[in-house]
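Here numbering that gives the first Met the number 0 is used: the first residue of the sequence shown is 0, the next is one more, and so on. So the structure is just underneath, and the comments pick up after that.
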Amino acid sequence: MRVFNSTLDGSFREARLSHFKAEEIERKFIRFQNEVAEREHRKAESHSRALIRVERKGRRAIDAELARRATLFDAEFRSFKDAQNYVGDFRECRSSVGTLWKSQNADFSFLSEVAEMSGLMDGCAQAESMVLPIEGRIRELWEPIEVSEDTTEAGADAADE
């Protein structure tokens, strides 16, 4: 019986030792799984932050380009409107009705009026020649803004996830 008890005790110890080793391996496996999950989580956060940085950088670049174009547009449009106003003022004010109205003044001279109109027509021709180039430069400002490939790829990756 002693032999049987000692064999049983040895077998019981081996079983407990095996059980202990299995628990230890299971704890190590769970710890390893947690480390892998933590690493994946950090990697996903890092990737997310990188995407946000790229998106912000792209937005800042687009904002800067829009501000630059708005400034150019303002200057070009102002000169365009000035040229149109100059041409429009001549067409509206220098008509035969305007001349008739001016002829009522005591100091009216037809020759000086003709000379003044000739000078204004020369200026008008110059202003009309300025309208088309200015209008072309304004149209160029409305062309699409170039976006770098890495910004579009980052945006596409973000949409996929």
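A virtual CB, placed ideally from N, CA and C, is assigned to each residue, including glycine.
Residues in the same chain with beta-carbon distance under 8 Å from residue i, minus the five sequence neighbours each way, listed in chain order, please.
{"i": "Phe11", "result": "none"}
Going by other Cβ atoms of all chains shown within 10 Å of its Cβ, with 16 needed for buried, is residue i buried or exposed?
{"i": "Glu39", "result": "exposed"}
{"i": "Ala66", "result": "exposed"}
{"i": "Ala105", "result": "exposed"}
{"i": "Ala114", "result": "exposed"}
{"i": "Ala14", "result": "exposed"}
{"i": "Ala21", "result": "exposed"}
Can you find the residues in the same chain that come closer than 6 Å, C-beta to C-beta, to residue i, ignoring five residues on each side of it along the sequence?
{"i": "Ala36", "result": "none"}
Quick one: Cα of residue i to Cα of residue j, how far?
{"i": "Ala60", "j": "Asn33", "result": "40 Å"}
{"i": "Leu50", "j": "Arg68", "result": "27 Å"}
{"i": "Ser111", "j": "Glu75", "result": "35 Å"}
{"i": "Ala43", "j": "Ile24", "result": "28 Å"}
{"i": "Asp62", "j": "Thr70", "result": "12 Å"}
{"i": "Phe19", "j": "Ser47", "result": "42 Å"}
{"i": "Glu64", "j": "Arg77", "result": "20 Å"}
{"i": "Arg41", "j": "Phe31", "result": "15 Å"}
{"i": "Arg52", "j": "Ser45", "result": "11 Å"}
{"i": "Phe28", "j": "Glu145", "result": "51 Å"}
Determine the DSSP secondary structure at residue i, reduced to helix, strand or coil.
{"i": "Ser108", "result": "coil"}
{"i": "Glu37", "result": "helix"}
{"i": "Glu13", "result": "helix"}
{"i": "Gln184", "result": "The requested residue 184 is not part of the displayed model; the chain covers only 0 to 160."}
{"i": "Glu25", "result": "helix"}
{"i": "Glu44", "result": "helix"}
Go through its chain and collect everything with a Cβ distance to residue i's Cβ below 7 Å, but skip five positions before and after it.
{"i": "Gly223", "result": "Outside the displayed range of the chain (0 to 160) lies residue 223, so it cannot be described from this structure."}
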